[in-house]
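K.L.:
For the record, the sequence lines run as chains A and B.
The UniProt record's numbering puts the first residue of the first sequence at 1, with every later residue one more than the last.
The UniProt record's numbering puts the first residue of the second sequence at 1, with every later residue one more than the last.
Yeah, the Cβ is synthetic: ideal placement off N, Cα and C, and Gly gets one too.
Protein chains: 2
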Amino acid sequence: MEWTRETRYRAYADWSAETLLKLQAQAANSQYQLGYHIRPSSGLLNDPNGFSYFNGQWHVFYQSFPFGAAHGLKSWMHLVSDDLVHWKDLGLALAPDTKFDSHGAYSGSALPVDDKLFLMYTGNHRDQDWIRHPFQLGAWMDQAGQITKLDEPLITQPAHTTDHFRDPQVFKHRDLYYVVLGAQDKETKTGKISLFSFKDLKEFTDLGYLEFTEAEMGYMIECPNLIFVDDKPLLVFCPQGLDKDVVAYDNIYPNMYLLGEDVQLNKAKFEAGDNQIQNLDDGFDVYASQAFNTPDGKAYLISWVGLPDVSYPTDEENWASCLSQVKELSLKDGKLIQRPVVSMADLREKGISLQTAEKVNAKQQIIAESGEQYELKLTLDTDQNGTLHLAGNDDLSQSLKLEFSTGKDAYLTVSRADIGAQFATEFGTTRTILLPDQKALDLEIFIDHSLCEIFVNGGEHVITLRFFAEAGNKQIALTSPTEAALNYRGTFWKLKSI
Amino acid sequence: MEWTRETRYRAYADWSAETLLKLQAQAANSQYQLGYHIRPSSGLLNDPNGFSYFNGQWHVFYQSFPFGAAHGLKSWMHLVSDDLVHWKDLGLALAPDTKFDSHGAYSGSALPVDDKLFLMYTGNHRDQDWIRHPFQLGAWMDQAGQITKLDEPLITQPAHTTDHFRDPQVFKHRDLYYVVLGAQDKETKTGKISLFSFKDLKEFTDLGYLEFTEAEMGYMIECPNLIFVDDKPLLVFCPQGLDKDVVAYDNIYPNMYLLGEDVQLNKAKFEAGDNQIQNLDDGFDVYASQAFNTPDGKAYLISWVGLPDVSYPTDEENWASCLSQVKELSLKDGKLIQRPVVSMADLREKGISLQTAEKVNAKQQIIAESGEQYELKLTLDTDQNGTLHLAGNDDLSQSLKLEFSTGKDAYLTVSRADIGAQFATEFGTTRTILLPDQKALDLEIFIDHSLCEIFVNGGEHVITLRFFAEAGNKQIALTSPTEAALNYRGTFWKLKSI
Chain A
1 MEWTRETRYR AYADWSAETL LKLQAQAANS QYQLGYHIRP SSGLLNDPNG
51 FSYFNGQWHV FYQSFPFGAA HGLKSWMHLV SDDLVHWKDL GLALAPDTKF
101 DSHGAYSGSA LPVDDKLFLM YTGNHRDQDW IRHPFQLGAW MDQAGQITKL
151 DEPLITQPAH TTDHFRDPQV FKHRDLYYVV LGAQDKETKT GKISLFSFKD
201 LKEFTDLGYL EFTEAEMGYM IECPNLIFVD DKPLLVFCPQ GLDKDVVAYD
251 NIYPNMYLLG EDVQLNKAKF EAGDNQIQNL DDGFDVYASQ AFNTPDGKAY
301 LISWVGLPDV SYPTDEENWA SCLSQVKELS LKDGKLIQRP VVSMADLREK
351 GISLQTAEKV NAKQQIIAES GEQYELKLTL DTDQNGTLHL AGNDDLSQSL
401 KLEFSTGKDA YLTVSRADIG AQFATEFGTT RTILLPDQKA LDLEIFIDHS
451 LCEIFVNGGE HVITLRFFAE AGNKQIALTS PTEAALNYRG TFWKLKSI
Chain B
1 MEWTRETRYR AYADWSAETL LKLQAQAANS QYQLGYHIRP SSGLLNDPNG
51 FSYFNGQWHV FYQSFPFGAA HGLKSWMHLV SDDLVHWKDL GLALAPDTKF
101 DSHGAYSGSA LPVDDKLFLM YTGNHRDQDW IRHPFQLGAW MDQAGQITKL
151 DEPLITQPAH TTDHFRDPQV FKHRDLYYVV LGAQDKETKT GKISLFSFKD
201 LKEFTDLGYL EFTEAEMGYM IECPNLIFVD DKPLLVFCPQ GLDKDVVAYD
251 NIYPNMYLLG EDVQLNKAKF EAGDNQIQNL DDGFDVYASQ AFNTPDGKAY
301 LISWVGLPDV SYPTDEENWA SCLSQVKELS LKDGKLIQRP VVSMADLREK
351 GISLQTAEKV NAKQQIIAES GEQYELKLTL DTDQNGTLHL AGNDDLSQSL
401 KLEFSTGKDA YLTVSRADIG AQFATEFGTT RTILLPDQKA LDLEIFIDHS
451 LCEIFVNGGE HVITLRFFAE AGNKQIALTS PTEAALNYRG TFWKLKSI
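#1: Cβ closer than 8 Å: which chain A residues qualify as neighbours of B/W15?
#2: For a contact defined as C-beta to C-beta under 7 Å, what are the partners of B/L90 on chain A?
#3: Would you kindly check if the distance between the Cβ of B/F427 and the Cβ of B/I252 is under 7 Å?
#4: What in chain B is Cβ-close to A/S497, meaning under 8 Å?
#5: If B/F455 sits next to B/A421, beta carbons under 8 Å apart, how far is it from one beta carbon to the other, in whole angstroms?
#6: Name, in chain order, the residues that DSSP records as bridge partners for A/T148.
#7: If we ignore side chains and look at the alpha-carbon of each, how far apart do B/D250 and A/D346 end up?
#8: Applying the 10 Å Cβ sphere with the 16-neighbour rule, what's the burial state of A/Q355?
#9: Name the residue from B/K172, B/S399, B/F292 and B/D89 whose alpha carbon lies nearest to the alpha carbon of B/T387.
#10: Got a sec: is the Cβ-Cβ distance from A/L21 to anything in chain B below 7 Å?
#11: Would you mind reading off the limits of the alpha helix (DSSP H) that contains residue 519 of chain A?
#12: Per the contact definition of three or more C-beta pairs closer than 8 Å, is the stretch 234–242 of chain B in contact with the stretch 209–221 of chain B?
#13: On a Cα-Cα basis, can you pick out the residue from B/T425, B/E375 and B/A440 that is closest to B/D381?
#14: Taking DSSP as the reference, what is the three-state secondary structure of A/A345?
#15: For chain B, is any of its Cβ atoms less than 7 Å away from the one on A/G145?
#16: Among residues of its own chain, excluding the 5 on either side of A/A417, which ones have a beta-carbon nearer than 6 Å to its beta-carbon?
#17: Compute the beta-carbon to beta-carbon distance between A/G490 and A/K377, rounded to the nearest angstrom, for a pair I have assumed lies under 8 Å.
#18: Count Cβ pairs between the stretch 42–61 of chain A and the stretch 313–332 of chain A that sit closer than 8 Å; are there 3 or more?
#19: Quick check on A/G273: does DSSP put it in helix, strand or coil?
#20: Name the one or two DSSP bridge partners that B/R39 has.
#21: Can you grab the Cα-Cα spacing for the pair A/L32 / B/K332, in whole Å?
#22: Do we get a CB-CB distance below 7 Å when we pair A/Y12 with the residues of chain B?
#23: From the DSSP output, in three-state form, read off B/R339 for me.
#24: Mind listing which residues of the stretch 246–268 of chain A have their C-beta closer than 7 Å to chain B's C-betas, in chain order?
#25: From A/D383, A/L111, A/G306 and A/Y62, pick the residue whose C-alpha is nearest to that of residue 499 of chain A; which is it?
#26: Terminal residues of the continuous beta strand (DSSP E) containing B/R431?
#27: How close, in whole Å, do the beta carbons of A/I337 and A/S330 come, if the pair is a contact with beta carbons under 8 Å?
#28: Take A/D285 and list the residues in its own chain whose beta-carbon comes closer than 7 Å to its own, dropping the five residues that flank it on each side.
#29: On the three-state DSSP scale, how would you describe A/P48?
#30: Buried or exposed: which applies to A/W15, given that a residue is buried once 16 or more other Cβ atoms fall within 10 Å of its Cβ?
#31: Starting from B/E6 and walking both ways along the alpha helix (DSSP H), at which residues does that stretch end?
#32: Whole angstroms are fine: how far does the CA of B/G68 sit from the CA of A/T404?
#33: For A/T432, I'd like the list of residues in its chain whose CB is within less than 6 Å of its CB, leaving aside the five on either flank, ordered along the chain.
#34: Determine which residues of the stretch 62–84 of chain A have a Cβ less than 9 Å from any Cβ of chain B, and write them out in chain order.
#35: Could you say which of B/H173, B/A159, B/L201 and B/Y177 lies nearest to B/K186 if we only look at CA atoms?
#36: Can the beta-carbon of B/F292 be found less than 7 Å from the beta-carbon of B/F54?
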């Protein structure tokens, strides 16, 4: 399939069911397919949308183009869960079927209001000159899952932005409703976060751009989220074209966060104090994360594991990307912590205790046959240098490499240079984080076929990446550059599918 | 949608993907949808096919018409499992896409041979006069799930049968391959089981009709299976139009079994001794069961929970039917026993112990809020009369009723007359089995939204049925016609989704 404008924007009614059934089977049969993460039933998945708690269940939707690994005509697919881990796929929820979302039902959010779930999203309409008209649209979902779209747009493009105006996040703060939106300022062509108040879910007031930094945020900000973590405001957003001198990053586009001291929404002022804008994830593939606050004040985040304008090896199988596991957010010593949710432990099969083994040829085999769905908790003692290999072949010439030093100038480098199908190599094949010197290193690693999520030192960092190993490469081992044995302890669990 | 010949046999390529996505979402969102059983991703599911163990996994396929609750153009959908309980849906596997299966890839079986899975199934072709030509077709599935159909039919319609010639079961016995097929004899228009030897999976020899009874088996036999249970041969089959004086049954068509003493395949002789043909299931909705022997000689069976020519309430939601849970077969005192597989216990949440409670107004409430996925093990003491209500409303005017006597003339009657949407009432609203007098009654009841499976006295009987209760009716209670308290003990577990 050649992805022309015509094929990307072909109506769902003009694709055949036979094609869709074959695409669904192809995705399901892929050796790289995820077992315990949200994945597309076919085609391309991107941003998580409408992440919320409603009617006694967790809800998440995802951006879908069901007909191939391309950004074509988008819809929302819907999943529900009782525990944030086991998700049930309910299929197509919001189709691009009105004049306002004729060219895509794009990203948005959800907020429970009384006995319904309010959905707010961006509908794109392209006119005959292919000029984009972004509309911020609303819909109500009832308890039976029936969705009724509002007849008219809630917000149209303001005079002060370009047509890059999208991704509404609707939220409630101190009994008032607000919406933040990603925007490009018309005059300066720079990335902004637009803020609106939304009185009684009826009357919008443009509060202007949210003031949160002096720095220029590239040419566009996508997917802004404003939530509260342990009562502190947190901005999560994706500045495109951000100058790397402002904040260093490696991926094509970064997903950033900024922790605040306070926020004054009526003044559109986000006070960050001494806090700096930082990478939300230190891996290769996280983008468009969506977060929300539960009624009891907890904060959960889920990410698209995929990037705009990046091709993945599964493109050849006509499907692409997945969502991350849900991460619970908290603060510790003023730092943002991301943790797996408690129910992730329900996926565990019987655990295997691990500890430093006899060394053979400078290699310590930890697990010979890991399978493709597992959790590995490992503590590496202080003052050590070595490499942890995941999905390794026999001689470890192929593996996902976690090189670490826990001595002075401590660091962790993840390299996917020597594992399977290579992709996006123009953005580098390694990612490095600096670690506190001379401290033991705690790793919680989740592997799901072609996805790796590493929680470092209790969630101070998360390193997320896709990798595409050859089938059968399932060894976990430690190697050290010297003959010194490496000291570790930990637990290994195979994980069940959801 | 009106189900004309044109709409039933419309090519999959001529249905739209939009229609399919909506049908999939509608099925997924149904309040009646199954949580831990195999269910259609859209449209109608019927016979289980290709139930087998291959490449380290359990495989099952099902007959699918994806476009509505009708018997239209059939294909095979594929699922795999590690434990016979948690199934992963791999989607469309065998499409009706050759001249030999142009009007449906109908039922069949699977047998692992070396590193491939051999599939054998009935392809129907209709000529321009709409005359059916049944072809027995073959295909090979490799370890990656790729299926390659054989170019030519394996068996064409024999001179001695009509075009009712289908449902091949291929199996190996004492190092030789055989195939049994459902057939209608051309001369007598009676139901037969056709037997072929299949030398080296290449050369077929028609061994004639299997001799297994003197009685006339209606006008057609569908879905024959010949397997071995504890070294005794077992026939499982569906005689259509069977005289109820031959074997009594209540459903539109029965699913029967006959246990044998011996089988001589070269003579096409199945020796039943004193054994009688019996109903495989004593409920309302089991048909087209498929069984097979594992390499280590175990016997597993799975059933279509649905019947030909019967409409179900979910027809209005454009989907229909499900598969039963897998049942392990064994013999006890010369009787066939059907048991849940061991892994079913992995679905259990924390158990709640149950025992005789104080009686209030002749009603003993066992569980007030059962939810819609649970297992209930209950032992009812001897010499008692009463009714166990499932999915009951507050005053029990609505419930699925299990009326029992454990005294003299002991029996169990299941009634769906007083629960939710009624259907197939022309075949009665109750089913009754006789029980041994003055013995305690052991029930293992599995409820999954709209499906009930009851294993009686350790699997001596299975009673399977669909029911369509009003949402919110979730009480489990016992009532007795007298003021006497009913004595029971047991355990209740909520069950997880798969």
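P.N.:
Result, derived from the coordinates:
#1: For the purposes of this step, residue 15 of chain B is identified with residue 15 of the second sequence, where counting begins at 1. Neighbours of B/W15 on chain A, chain order: S16, A17 and E18.
#2: Along the second sequence, one-based indexing puts residue 90 of chain B at 90. In chain order: A25, A28 and N29.
#3: Taking the second sequence and counting its residues from 1, the one referred to as residue 252 of chain B is at position 252. Taking the second sequence and counting its residues from 1, the one referred to as residue 427 of chain B is at position 427. Yes. Within cutoff.
#4: Reading the first sequence from its first residue, position 497 is the one you call residue 497 of chain A. What A/S497 touches in chain B: H86 and K88.
#5: Reading the second sequence from its first residue, position 455 is the one you call residue 455 of chain B. Reading the second sequence from its first residue, position 421 is the one you call residue 421 of chain B. Not confirmed; about 25 Å, so no contact.
#6: Taking the first residue of the first sequence as 1, we reach residue 148 of chain A at position 148. The partner list for A/T148 (beta bridge, DSSP) reads A/W140.
#7: By one-based count along the second sequence, residue 250 of chain B stands at place 250. By one-based count along the first sequence, residue 346 of chain A stands at place 346. Going by the C-alpha atoms only, they are around 44 Å apart.
#8: Here residue 355 of chain A is taken as the residue at index 355 of the first sequence, counted from 1. Exposed, by the Cβ-count rule.
#9: Position 387 of the second sequence, counting from 1, holds the residue named residue 387 of chain B. The shortest Cα separation from B/T387 among B/K172, B/S399, B/F292 and B/D89 belongs to B/S399.
#10: The count along the first sequence starts at 1 and reaches residue 21 of chain A at position 21. Yes, contact with chain B.
#11: There is simply no residue 519 of chain A to check, as chain A begins at 1 and stops at 498 in what is shown.
#12: yes
#13: Position 381 of the second sequence, counting from 1, holds the residue named residue 381 of chain B. It is B/A440.
#14: Here residue 345 of chain A refers to the residue found at position 345 of the first sequence. Helix at A/A345.
#15: For the purposes of this step, residue 145 of chain A is taken as residue 145 along the first sequence, with counting starting at 1. So yes, A/G145 belongs to the interface.
#16: Residue mapping note: residue 417 of chain A aligns to position 417 of the first sequence, counting from 1. So the qualifying residues of the chain are T429.
#17: As a position in the first sequence, residue 490 of chain A is number 490, starting the count at 1. As a position in the first sequence, residue 377 of chain A is number 377, starting the count at 1. With a Cβ gap of about 5 Å, A/G490 and A/K377 count as contacting.
#18: yes
#19: For this step, residue 273 of chain A is matched to residue 273 along the first sequence. A/G273 falls in the coil class under three-state DSSP.
#20: Residue mapping note: residue 39 of chain B aligns to position 39 of the second sequence, counting from 1. B/R39 is not bridged to any residue.
#21: Counted from its first residue, the first sequence places residue 32 of chain A at position 32. Counted from its first residue, the second sequence places residue 332 of chain B at position 332. According to the sequence provided, residue 32 of chain A is Tyr. The question's Leu does not apply to it. Looking at the two C-alpha atoms, the distance is approximately 45 Å.
#22: By one-based count along the first sequence, residue 12 of chain A stands at place 12. Judged by the 7 Å Cβ criterion, A/Y12 is in contact with chain B.
#23: On the second sequence, position 339 is the one that residue 339 of chain B refers to. B/R339 falls in the strand class under three-state DSSP.
#24: none
#25: With chain A represented from 1 up to 498, any question about residue 499 of chain A goes unanswered, as that position is not in the structure.
#26: Translated into positions along the second sequence, residue 431 of chain B becomes position 431. It spans T430 to L434 - the beta strand (DSSP E) in which B/R431 sits, taken as one unbroken run.
#27: Against the first sequence, residue 337 of chain A aligns to sequence position 337. Against the first sequence, residue 330 of chain A aligns to sequence position 330. At roughly 5 Å, the Cβ-Cβ gap stays under 8 Å, so A/I337 and A/S330 are in contact.
#28: Reading the first sequence from its first residue, position 285 is the one you call residue 285 of chain A. Within the same chain, A/D285 has close Cβ partners V305, G306, L307, T464, L465 and R466.
#29: Along the first sequence, one-based indexing puts residue 48 of chain A at 48. Correct three-state label for A/P48: strand.
#30: Within the first sequence, residue 15 of chain A is the residue found at index 15, counting from 1. Buried, by the Cβ-count rule.
#31: Taking the second sequence and counting its residues from 1, one reaches residue 6 of chain B at position 6. Run containing B/E6: R5 to R8, per the alpha helix (DSSP H) assignment.
#32: Numbered from its first residue, the first sequence carries residue 404 of chain A at position 404. Numbered from its first residue, the second sequence carries residue 68 of chain B at position 68. What sits at residue 404 of chain A in the sequence shown is Phe, not Thr. Using only the alpha carbons, I get a separation of about 56 Å.
#33: Indexing the first sequence from 1 puts residue 432 of chain A at position 432. Correct list, in chain order: Y411 and T413.
#34: P66, F67, S75, M77, H78 and D82
#35: Taking the second sequence and counting its residues from 1, the one referred to as residue 186 of chain B is at position 186. Closest option to B/K186, Cα to Cα, is B/A159.
#36: Counting from one through the second sequence, the residue named residue 292 of chain B turns up at place 292. Counting from one through the second sequence, the residue named residue 54 of chain B turns up at place 54. No, they are not a contact pair.
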